[in-house]
Amino acid sequence: MPPSSSSPLLLLLLILLPPLERLAAAAEELSCRDAFRTGQDDFVLDVEDAVTEGAALLSTVRVRTLEACRSACCSDDHCNLALLEPRGPAAGAADAAGAADAAEHRVCVMFDCIHRNRFVCRFVNKAGYRSYLREEVFQKYLRGPTGSGERVLPIAIAARDVIVQPGEEVTLSGIQSLALGGAHIATYLWSLQSGDSSVEMEATELPDQVRLPLLPLGAHHFLLTVSDSNGQRSRGAEVTVLVLSPEQTAAYCLSPVKVGPCRASFPRWRYDAVTTSCEPFVFGGCKENENNFLSEGECESACRGVTGTEYTGTQSTQVHIALYYF
624 MPPSSSSPLL LLLLILLPPL ERLAAAAEEL SCRDAFRTGQ DDFVLDVEDA VTEGAALLST
684 VRVRTLEACR SACCSDDHCN LALLEPRGPA AGAADAAGAA DAAEHRVCVM FDCIHRNRFV
744 CRFVNKAGYR SYLREEVFQK YLRGPTGSGE RVLPIAIAAR DVIVQPGEEV TLSGIQSLAL
804 GGAHIATYLW SLQSGDSSVE MEATELPDQV RLPLLPLGAH HFLLTVSDSN GQRSRGAEVT
864 VLVLSPEQTA AYCLSPVKVG PCRASFPRWR YDAVTTSCEP FVFGGCKENE NNFLSEGECE
924 SACRGVTGTE YTGTQSTQVH IALYYF
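Last residue of the sequence shown: 949 (our numbering), numbering continuous.
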């Protein structure tokens with residue numbers, strides 16, 4: 624029987640596949656390198672402060688190099704900070720294999736430092752720690768003027784993201800915005816970037832505020848820009864107002880309390896649909912559900928008046944509508 628005509632093609636593919644895989648891996652590594660910036664050495668995240676303010680501890684992995692830690696963070700879209708701990712003492716390992724692993728590997732901890740439109744991570748000096756920060760997060764939340772020739776722009780600081788029930792009136796504020804170089808804020812401009820085009824924005828007696836009455840269901844994205852007395856205009860600061868649907872209300876307000884598997888201790892608030900009130904609880908620091916709020920006010924804004932049975936993600940949508948809105 625003559626050899627199959629596909630054999631040379633198959634042989635060619637087997638020859639080319641390893642180099643192509645290496646090229647793809649190299650391209651991915653280059654993309655990750657460009658997406659992150661190296662943090663200052665010997666600084667560690669103040670984890671207690673960050674998680675209290677809303678940062679999320681995503682996961683930990685053991686790696687050999689700082690670059691491997693960066694790659695692990697790069698592969699998780701929610702990760703914007705990778706923190707590499709110093710090597711642990713091999714003597715603490717339970718056996719020889721554990722000692723060798725401790726000597727060769729380091730712990731890489733991955734965080735999401737953005738909570739409700741704020742960069743909430745703070746660093747303190749501690750020897751031996753290395754970090755990577757996602758470049759787009761640095762540019763949006765942390766970048767300032769880089770040289771004496773660069774204009775000193777005012778900084779627009781919008782309110783935290785807001786979660787509310789239908790029918791709730793929302794007021795956005797930009798009062799925390801800053802003017803630099805001896806100037807003062809002259810004007811505040813709010814605009815709707817995406818969401819329902821029928822949204823109305825009403826002025827209040829305060830120039831930094833805008834009132835949003837009768838928002839429809841869904842996510843509405845607003846942009847604040849400010850101008851200072853020197854005629855300089857800020858970059859935009861975004862804020863999202865989420866008006867919960869019945870399905871979202873179930874997740875945010877009827878999910879059971881979830882401490883999470885981590886062993887830290889952070890004060891949080893969750894909504895109790897039985898008592899129709901917001902209750903404090905202790906959060907472990909990772910893998911939370913939506914019923915997890917930084918303050919009693921945020922909890923009440925999202926869930927005020929909601930009643931129903933505990934949500935597991937499988938109940939009928941119609942049941943929730945009947946429970947909440949009729």
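Backbone N, C-alpha and C fix where the C-beta goes; we use that ideal spot for every residue, glycine too.
With contacts defined as CB atoms closer than 7 angstroms, F659 and R757 qualify as a contacting pair.
Assignment of C692 by DSSP, reduced to helix, strand and coil, places it in the helix class. Along the stretch 838-919, the alpha helix (DSSP H) occurs as fully enclosed runs of 4 or more residues at 869-876, listed in sequence order. Between L704 and F734, the C-beta spacing is below 7 angstroms.
Residue pairing by DSSP places R757 opposite F659 in a beta bridge.
Shortest Cα-Cα distance from E828 to any of L803, V822, I798, S820 involves I798.
Taking the Cα of F889 as reference, the smallest distance to any Cα among V674, S654, T661 is reached at V674.
Distances from the alpha-carbon of I778 to those of A887, E921, G804 put G804 closest. Taking V905 as the centre and dropping the five residues before and after it, the same chain places the C-beta of V882, S888, F889, P890, R891 closer than 8 angstroms to its C-beta, in chain order.
Residue C696 holds the alpha-carbon nearest to the alpha-carbon of S654 among E676, G662, R685, C696.
Following the DSSP letters along the chain, one finds D735 inside the beta strand (DSSP E) bounded by residues 729-735. Burial state of A750 is exposed, judged by a 10 Å Cβ sphere holding fewer than 16 other Cβ atoms.
For T935, no beta strand (DSSP E) run applies, since DSSP gives it neither H nor E. Exclusion of the five residues before and after R693 leaves C655, F659, A705, Y755 as the residues of its chain whose Cβ lies within less than 7 angstroms of its Cβ. By DSSP's assignment, A809 forms no beta bridge with any residue. Close CB contacts of D831 within its chain, under the 6 angstroms cut and outside five residues either way in sequence, are with S796, G797, I798, Y811 (chain order).
If you draw a straight line from the Cα of E690 to the Cα of L668, it is about 18 angstroms long. Shown here for C744: same chain residues with a beta carbon closer than 7 angstroms to its own, the five before and five after excluded, namely L668, A673, A678, L704, F734, C736 in chain order. Secondary structure note for A673: its alpha helix (DSSP H) is the uninterrupted segment 670-675. DSSP places L835 in the strand class (E or B) of the three-state scheme. Classified as buried, V849 has 16 or more neighbouring CB atoms from the shown chains inside 10 Å of its CB.
Beta-bridge analysis with DSSP links S817 to H844.
The C-beta of P869 has 16 or more other C-beta atoms within 10 Å across all chains shown, which makes the residue buried. The three-state reading of DSSP puts E828 in coil, since its state is none of H, G, I, E or B. Taking a C-beta distance under 7 angstroms as the contact criterion, A802 and L847 do not qualify as a contact pair. Within the DSSP secondary-structure output, A925 pairs in no beta bridge. Rounded to the nearest angstrom, the gap between the Cα atoms of A842 and V793 is 13 angstroms. Rounded to the nearest whole angstrom, the CA to CA distance from Q855 to I808 is 10 angstroms.
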